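Using the numbering used here, read the sequence shown as starting at 141 and increasing by one per residue.
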Amino acid sequence: MTKKISLIHSTNLAQVDYAYASRIPEGMEILFLAGACPLTKEGIVPESGDYEMQANLCVENLKEALKECGATLKDVVYTRVLVASQNQSDLVTTWHTIRKEFGDHDVPSTLSGVTVLGYRNQLVEIEAVAAVDKK
């Protein structure tokens with residue numbers, strides 16, 4: 141029997157496009173994933189100022205890391221999205237791009253603008269925590 145992660149939405153707080161919390165059922169393993177970066181298979185960040193393209197590449201890399209752990213985006217219980225920009229519009233573009241990939245699985249998330257990220261030309265990074273059934 142597969143256990144389900146609970147996403148908690150509040151009726152006492154502002155209505156937002158993400159859950160305020162998540163609950164992991166007893167007996168599940170917690171996976172802490174390294175930040176998914178917009179790296180190609182060759183280990184390069186494409187030279188581009190395109191936040192949407194980098195966000196999509198980050199999600200694809202996150203999906204691959206999850207797959208190798210026996211998980212999918214539906215198993216993610218928390219994300220932190222880091223965007224190298226001082227412009228709120230860049231954060232919003234990145235957020236909408238990533239949210240679209242998660243569909244109705246609206247996990248609790250933190251969106252932060254930062255001054256710089258680890259790789260040359262990197263604009264986006266996604267940290268994630270997921271939970272899967274113990275084997």
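We put the CB at the ideal spot given by N, CA and C, even for glycine. Quick caveat, the model's predicted, so the values are computed rather than measured.
{"Item": "Have a look at V199, A159, L171 and flag the residue whose alpha-carbon is nearest the alpha-carbon of H245.", "Value": "A159"}
{"Item": "Measure the C-alpha to C-alpha separation of P165 and L173 and round it to an integer number of angstroms.", "Value": "19 Å"}
{"Item": "Using three-state DSSP, classify M141 as helix, strand or coil.", "Value": "Legend: pLDDT at M141 = 47, less than 50; position of this residue unreliable, value from coordinates given subsequently. Reduced to three states, the DSSP call for M141 is coil."}
{"Item": "On the CB-based measure, 16 or more other CB atoms within 10 Å of its CB, does A161 come out buried or exposed?", "Value": "exposed"}
{"Item": "Within 10 Å of its beta-carbon, does T212 have 16 or more other beta-carbons around it, so buried, or fewer, so exposed?", "Value": "exposed"}
{"Item": "What is the DSSP secondary structure of V185, reduced to helix, strand or coil?", "Value": "coil"}
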